[in-house]
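For the sequence shown, the positions run 1 to 622 when UniProt numbering is used. C-beta: ideal position from N, C-alpha, C; glycine also. Here the structure is a predicted model, which means the values were calculated and not measured. What follows is one structure encoded as structure tokens, with my remarks underneath.
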Amino acid sequence: MPFETPLALVALASVILLVILYLLRPKPLRVMVPSLMFLMKIQEEKKRFYTSITKLIKDPLFLIQLLVLILLALAAAAPFIETQEPLSGEHTVIIIDSSASMQTEDRFDDAISKAGDYVSKTNSIILAQNIPVTMLESGGSDAAYQTLDSLEPKATVADISAAVSAGMRMLSDEGGRIVVISDFAHWDGDDPVNAKTLAQSYGLNVEYVIVGRSTGNTGIIQGEVEAVDGTYTYTGVVKNYRNSRELVELEIRNGETVTTQSFSVRGRSTQQFRVTDIGRGITEVTIKGSDSLMADNTAYISIPRVSAKEMLVVSDVEKLPSLTALSLMPNVRTGLVEGVPADLSKYSVVVIANKERALTSDELGTLRGFINGGGEAVFIASDALSGENAGTDLQALLPVRTGGMVDTERGATLEVIQDTRLSEDIKFAEVAVYKYLNATERRGATTLVSTTEGVPVLTYGTISDGTVVYMGLNDAFAEDAWNNFHNLPEYPVFWFKLAGWLGGTGSISDYNLKTGAISALAQVQDIETPGGIDTVNRVHYNEVGVYTVAGKQVAVNLYNDRESDTTLEGYELIERSEAKGEPGIVRADTYTAKNYLDTYMIIIVLLLVLLELYIIRKRGEL
């Protein structure tokens, strides 16, 4: 009989202790009777060895306790037997298309209604978005109905094949069926027909259920914001999916300011329009009236409210490559001081670039208050940040714990750990690093770039409401250079990206996204979505509207021609999936199941304990 954790059988050694305990326990007091002394002495000489063993074996309490110890040790080792069980059809994976086109008329409501007809004893529910989202796994029928009632359509493009693959993993052991409910009008990823064929080849029952009908729509399918002569201009595209010409009336609203535009669009055609001199904040461009799909009737535009930001560089030297790069940026005012001023309220970002001078306790207190209040600070590696020079208060502000200096003769190689826009188009692999601080990432921090040995080089984290960044590439140059990063053309680009990411406007595209985008946060935090407040550490922009993330307003739009085309129907895909017929490879109709015996052993142990208590009570010892 195999065991899941055979090491637990060491507990059987407790049996030896039990035997020794019984052998050494006090014997009853015997009174020597002179007239029988001779006979008893002869008897003891013959049976001295056997007496203790015989009494031990005949004692029911010993036998019970022996069995309890053996069964407990075996139960801890998790014994099991393998049996061949038939594949179950009781587990149903229901996949519901949650793409934008499912918001058309009653498609999603129809999908929920039809999904209720497929609820079985065990159910899993997956929303097919651009990534599969599991809403329920191996739940009963009541849980399935409750989950279905809580679902709402989103506004991404559905990757149906990825959702089917996720369902296959759920059914990989015991089998079952997969039901996909969709309009099958448009999808991302592999062809759903191929996904169905693959699932069937593994012996799974897969059924595609179509909902929806062709209907007319007019929507905004494209939009772009660009800076023109110091102002922002939005260029959008409206498409009319009907066969007849349509009059489109646009309402442009920014705060209390409302303007309008109107134009006609021919059937099955597009029309470009422009909105100039867009104010800061959120601007909504809405097609007046209603149609079958409202998700593409409004375009949201986000222009950061802060046009220019104040950045402060604190350093004990005057010439810094980082300061030069920052001073060249538009909409960035950068100042250089030798010490941290008492008032940092007008600054959004503070860069600490001291080479040797350690910050005083007063400076650290000011800096800590600035960060706790939502400020953002960048610490550039130097001798002043080394483990022997940085005190406890300074170390507490860093997203890493710094150690000693590391000199490399051949140079250390850098690698990108997480792809973000801070590392995009930056060739960190070409940076030659000769010196760096040995550092370790603090809990809750995120490392974007490190050496190939795993030493953090670009790490960020949060302290209260603020953000701290550790830049492990020292910006000294000439004979004091720790690396050659400042000589590369990507150096000013990196600082532009970092300045934009930290409290500034950055690229306007960072504030205007398409649905389906995903961004990681430094820690779990509350964000405001078009549907309400979510507590997440990763933002999935799957709704049209405005998200507020870390104080920044992000406009999210559908901008997808195929999803907006509500005239598309998925019957062609259904016909292709049915024409495939039965697959040639079918998995066996049984699976190997592990039947664990530990539960039964625990039950026997409990019964034996009750029996032991009964015997003790019967003897009058309890």
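Inset, instruction - Report the rounded CA-to-CA distance for residue 498 versus residue 422, giving the unit in angstroms. - result: Going by the C-alpha atoms only, they are around 6 angstroms apart.
Legend entry - Contiguous alpha helix (DSSP H) assignments of at least 4 residues, all confined to the segment 297-345: Runs found: 321-327.
Inset, instruction - Locate the alpha helix (DSSP H) running through residue 576, then write down its first and last residues. - result: Its alpha helix (DSSP H) spans residues 571-579.
Inset, instruction - Work out the CA separation of residue 404 and residue 87 for me, nearest whole Å. - result: With a pLDDT of only 46 at residue 87, under 50, the local geometry of the prediction cannot be trusted, and the value read off the model is given with reservation. Whole-angstrom Cα-Cα distance: 60 angstroms.
Inset, instruction - Jot down the residue ranges of each uninterrupted alpha helix (DSSP H) in the segment 126-173, minimum 4 residues, whole runs only, in chain order. - result: Secondary structure within the segment 126-173: the alpha helix (DSSP H) runs of 4 or more consecutive residues, fully enclosed, are 141-150 and 160-170 (chain order).
Legend entry - Whole-angstrom C-beta distance between residue 153 and residue 214, which should lie under 8 angstroms: No, residue 214 and residue 153 are not in contact; Cβ-Cβ is about 18 angstroms, not under 8 angstroms.
Inset, instruction - Enumerate in chain order the residues of its own chain whose CB-to-CB distance from residue 385 is below 7 angstroms, with the five nearest sequence positions on each side excluded. - result: Only 379, 402 and 437 meet the Cβ criterion.
Inset, instruction - With a 10 Å radius around its C-beta and 16 neighbouring C-beta atoms as the bar for buried, classify residue 586 as buried or exposed. - result: Low local confidence applies: a pLDDT of 41 at residue 586 is under 50, so the model's placement there is unreliable, with the coordinate-based value given in what follows. Per the 10 Å Cβ criterion, exposed.
Legend entry - C-alpha distance - residue 94 paired with residue 544, whole-angstrom precision: Straight-line Cα distance between these residues: approximately 25 angstroms.
Legend entry - C-beta contact flag for residue 521 and residue 537 at 8 angstroms: A contact, by the Cβ cut-off of 8 angstroms.
Inset, instruction - State the DSSP-derived secondary structure class of residue 278, mapped to helix, strand or coil. - result: In the structure shown, residue 278 adopts coil according to DSSP, grouped into three states.
Legend entry - Start and end residues, alpha helix (DSSP H) containing residue 624: Because the chain in this structure spans residues 1 to 622, residue 624 falls outside the shown range and cannot be described.
Inset, instruction - State yes or no: is the C-beta of residue 118 within less than 8 angstroms of the C-beta of residue 179? - result: Contact: yes.
Inset, instruction - In the DSSP assignment, find the beta strand (DSSP E) that holds residue 534 and state where it starts and stops. - result: Taken as a continuous stretch (DSSP letters only), the beta strand (DSSP E) holding residue 534 covers 532-540.
Legend entry - Length of the line joining the Cα atoms of residue 348 and residue 311: Approximately 6 angstroms between the Cα atoms of the pair.
Inset, instruction - Check the DSSP bridge columns for residue 525 and list the partner residues they point to. - result: DSSP, once it has assigned bridges, lists 536 as partnering residue 525.
Legend entry - Run of the alpha helix (DSSP H) containing residue 490, from where it starts to where it stops: Per DSSP, residue 490 belongs to the alpha helix (DSSP H) from 490-501.
Inset, instruction - Helix, strand or coil for residue 455, going by three-state DSSP, please let me know. - result: Residue state, collapsed to three classes: coil.
Inset, instruction - Take every Cβ of the segment 67-83, pair it with every Cβ of the segment 273-293, and state whether three or more of those distances are shorter than 8 angstroms. - result: In short, these stretches do not touch, since the Cβ pair count stays below three.
Legend entry - Alpha-carbon to alpha-carbon, residue 518 and residue 186: So the two alpha carbons sit approximately 21 angstroms from each other.
Inset, instruction - Can you say whether residue 454 is buried or exposed, counting buried as having 16 or more other CB atoms within 10 angstroms of its CB? - result: With fewer than 16 other Cβ atoms within 10 Å, it is exposed.
Legend entry - Span separating the alpha-carbon of residue 260 from that of residue 470: One C-alpha to the other measures close to 48 angstroms.
Inset, instruction - Note the first and the last residue of the continuous alpha helix (DSSP H) segment covering residue 362. - result: Segment 361-372, the alpha helix (DSSP H) holding residue 362.
Inset, instruction - Below 8 angstroms CB to CB, which residues in the same chain sit around residue 595 once its five sequence neighbours on both sides are set aside? - result: Excluding residues within five positions, the ones whose Cβ falls inside 8 angstroms are 80, 81, 82 and 83.
Legend entry - Whole-number beta carbon distance between residue 162 and residue 131, since they are thought to touch under 8 angstroms: About 7 angstroms; that satisfies the 8 angstroms criterion.
Legend entry - 3-residue-minimum beta strand (DSSP E) runs that sit fully inside the segment 387-428, ordered along the chain: As far as the segment 387-428 is concerned, its whole beta strand (DSSP E) runs of at least 3 residues are 400-412 and 414-416.
Legend entry - Collapsed DSSP secondary structure at residue 114 in the structure displayed: Residue state, collapsed to three classes: helix.
Inset, instruction - Give a yes or no on whether the C-beta atoms belonging to residue 250 and residue 206 are separated by under 8 angstroms. - result: In terms of Cβ geometry, residue 250 and residue 206 do not form a close pair [threshold 8 angstroms].
Legend entry - C-alpha distance - residue 413 paired with residue 485, whole-angstrom precision: Spanning the two alpha carbons is a distance of roughly 12 angstroms.
Inset, instruction - Give the straight-line distance between the Cα atoms of residue 451 and residue 416, rounded to the nearest whole angstrom. - result: Roughly 9 angstroms between the two C-alpha positions.
Inset, instruction - Name the residue from 170, 354 and 183 whose alpha carbon lies nearest to the alpha carbon of residue 199. - result: Cα-wise, what sits closest to residue 199 is 170.
Legend entry - Reference residue 328, options 447, 491 and 194, closest by Cα: Out of 447, 491 and 194, 491 has the C-alpha closest to the C-alpha of residue 328.
Legend entry - Proximity of residue 220 and residue 236 at Cβ, strictly below 8 angstroms: Yes, these two residues count as a Cβ contact at 8 angstroms.
Inset, instruction - Answer with buried or exposed for residue 2, where buried requires no fewer than 16 other C-beta atoms within 10 angstroms of its C-beta. - result: By the 16-neighbour rule on beta-carbons within 10 angstroms, residue 2 is exposed.
Legend entry - Strand pairing of residue 563, partner residues [DSSP]: In the DSSP output, where bridge partners are listed per residue, residue 563 has none listed.
Inset, instruction - Identify which residue in 551, 467 and 15 has its Cα closest to the Cα of residue 398. - result: Out of 551, 467 and 15, 467 has the C-alpha closest to the C-alpha of residue 398.
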